[in-house]
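Positions 555 to 915 (this note's numbering) are the ones given, in order, by the sequence shown. The structure appears below as structure tokens.
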Amino acid sequence: MIKFLDNKLFRYLSVFLFLNSSILPVKSSSALAAWAINTNGVLELRTKSNTNLKAYFQKANQISGDRFWVDFPGELKNPRTIKGNGPIKEIRLGKPDKGKTRLVIEFKEETYLKPLTWKMVGLDQNRWRIKLFKPKYSFKKIGEGLVEKKRGYIKANKDLIHKKKNNYGYLKLPEVKRNKFEVVIDPGHGGPDPGAIGIGGIRETDVVLEVSKIVKNLLSEKGVKVRLTRTNDVDLDLPPRVSIANNTDADIFVSIHANASRGKRRDINGLETFYYRGWRGRLLAKRIQKQILRVSPGSPDRGVKQGRFYVIKNTRMPAVLVEIGFLTGRLDARRLEKITHRKRLAYAIAKGILEYLDKVG
Ligand SMILES: [Zn+2]
Numbered sequence: 555m556i557k558f559l560d561n562k563l564f565r566y567l568s569v570f571l572f573l574n575s576s577i578l579p580v581k582s583s584s585a586l587a588a589w590a591i592n593t594n595g596v597l598e599l600r601t602k603s604n605t606n607l608k609a610y611f612q613k614a615n616q617i618s619g620d621r622f623w624v625d626f627p628g629e630l631k632n633p634r635t636i637k638g639n640g641p642i643k644e645i646r647l648g649k650p651d652k653g654k655t656r657l658v659i660e661f662k663e664e665t666y667l668k669p670l671t672w673k674m675v676g677l678d679q680n681r682w683r684i685k686l687f688k689p690k691y692s693f694k695k696i697g698e699g700l701v702e703k704k705r706g707y708i709k710a711n712k713d714l715i716h717k718k719k720n721n722y723g724y725l726k727l728p729e730v731k732r733n734k735f736e737v738v739i740d741p742g743h744g745g746p747d748p749g750a751i752g753i754g755g756i757r758e759t760d761v762v763l764e765v766s767k768i769v770k771n772l773l774s775e776k777g778v779k780v781r782l783t784r785t786n787d788v789d790l791d792l793p794p795r796v797s798i799a800n801n802t803d804a805d806i807f808v809s810i811h812a813n814a815s816r817g818k819r820r821d822i823n824g825l826e827t828f829y830y831r832g833w834r835g836r837l838l839a840k841r842i843q844k845q846i847l848r849v850s851p852g853s854p855d856r857g858v859k860q861g862r863f864y865v866i867k868n869t870r871m872p873a874v875l876v877e878i879g880f881l882t883g884r885l886d887a888r889r890l891e892k893i894t895h896r897k898r899l900a901y902a903i904a905k906g907i908l909e910y911l912d913k914v915g
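Now the structure itself:
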């Protein structure tokens, strides 16, 4: 098991909470109807029904203190700043982009927050709650509007009660039949072949091995049997990778790679997923591509393509080769060196795989 939280790189924590899949039209007014931070440290929100919220946390830096923010669809009319008290420095309501509303809570420097224990809970279709700090801080309630406003009886939707157990709970992984599926994950390269070498010497072999191991853990937790073609930095030729898959009757084969551009162009970034043949391979590629894009905002979608790579051409089961970004690209490389992003990618790949297994079985 990988101890995620021990990692020293774990300085920036971004918590994505996709609480509901339906999204309001971009042009509508702000979905944030009311908010309040209570004396007990609980932030309460009231939104339009079926709102898709995203919440983030960023540790203090030279410019600002610890910040927690929530993005809502719909544009805010009047951006404003509200003075805080107790542990809270200020609250800002703004529009980071056209058609969006952002509620930012900035904390004072000396607060000791534990964002890893935070969870956003959906109380019903339009009310949310998250505990931000302990009542030991003396704090006077701040808020705007009526959080408790009742609109008649709304049946509590159990799906909305999303309990975030950890920092990577942003992608809820689908359930599949336990002990039914077998997956081969192939971390590209290894040993004397480091694969692509990117900005600052970042090596493909290391990145894809780490991502692959996390994918394995995630799938194993869902009762999927997973075999890695390599578990450390060893040299492994392409034919044995294929025979591992072909000899085990695996349901699918997923080879994980990272890209390099010719001439190491820093402006080339993006994600792509290849399959060799068949609608199953294509569907698997599509599912994975969709999910990895979701966790790589701004990185171009290079698409799902047919490719004649040895490992996907010669494996007998649906097989894909996924390129999780350009190690030579400025945007992708900066992300790929972070454990948090590798974990997000692993989650995304695991999610794509589970969705495929659930659908095709
Ligand atoms: Zn590669």
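Just so you know, even glycine gets a beta-carbon here, dropped at the ideal spot from N, CA and C. All values reported here derive from a predicted model rather than from experimental measurement.
Please name the residue or residues paired with residue i in a DSSP beta bridge.
i	result
D740	S809
I645	I636, I659
V876	I810, T827
W682	L599, G676
V998	This structure does not reach residue 998, given that the chain is present from 555 up to 915, and the question cannot be answered.
D747	G744
K654	P627
S583	E629
Would you kindly report the start and end of the unbroken beta strand (DSSP E) that includes residue i?
i	result
V675	674-678
D625	621-627
Q616	No beta strand (DSSP E) holds Q616; DSSP gives it neither H nor E.
V780	779-782
K608	608-612
Quick one: using the 10 Å Cβ neighbour count with 16 as the cut-off for buried, is residue i buried or exposed?
i	result
N786	exposed
G706	Confidence at G706 is low in this model, with a pLDDT of 42, below 50, so its placement is unreliable and the value that follows should be read with caution. Exposed, since its Cβ has fewer than 16 Cβ neighbours within 10 Å.
W833	exposed
V788	exposed
T635	exposed
G879	buried
E660	buried
K770	buried
P627	buried
T601	buried
R898	buried
L700	exposed
K776	buried
T593	exposed
D760	buried
G817	exposed
G755	exposed
Determine the extent of the alpha helix (DSSP H) in which residue i is found, giving its start and end residues.
i	result
Q922	Residue 922 cannot be examined here, being either before or after the span of the chain that is shown, 555 to 915.
P794	792-802
A590	From DSSP, A590 is part of no alpha helix (DSSP H) but of the beta strand (DSSP E) over 586-591.
E909	893-914
I768	758-775
I696	Per DSSP, I696 belongs to no alpha helix (DSSP H); it is in the beta strand (DSSP E), 696-698.
A839	832-848
R889	884-890
D868	The sequence as given places Asn at residue 868; Asp does not occur at that position. Where N868 is concerned, the enclosing alpha helix (DSSP H) stretches over 864-868.
So with Cβ pairs under 9 Å, would you call residue i a contact of chain B?
i	result
N786	No chain B is part of this structure, which consists of one protein chain only.
Indicate whether residue i and residue j have their beta-carbon atoms separated by less than 9 Å.
i	j	result
A812	E758	yes
G915	K654	no
G640	S692	yes
V808	I842	yes
V727	L908	Rather than Val, the amino acid found at residue 727 in this sequence is Leu. The answer is yes: Cβ separation under 9 Å.
P872	D805	yes
D625	K608	yes
L647	L586	yes
P741	T783	yes
W672	F735	no
L911	V765	no
Y901	V858	no
L825	E877	yes
T882	I822	yes
P633	K613	no
I753	R820	yes
G697	K662	no
G861	L875	yes
V780	I810	no
K695	A590	yes
G744	L790	yes
S603	Q679	yes
May I ask you to verify whether the stretch 675-687 touches the stretch 592-599, counting CB pairs closer than 8 Å and requiring at least 3?
yes
Take every Cβ of the stretch 850-868, pair it with every Cβ of the stretch 778-796, and state whether three or more of those distances are shorter than 8 Å.
yes
Can you find at least 3 beta carbon pairs, one from the stretch 615-633 and one from the stretch 658-668, that sit closer than 8 Å?
yes
Contact between the stretch 878-897 and the stretch 828-839 (3+ Cβ pairs under 8 Å):
no
For the stretch 898-912 against the stretch 842-857, do three or more pairs of beta-carbon atoms, one drawn from each stretch, fall closer than 8 Å, so that the two count as touching?
yes
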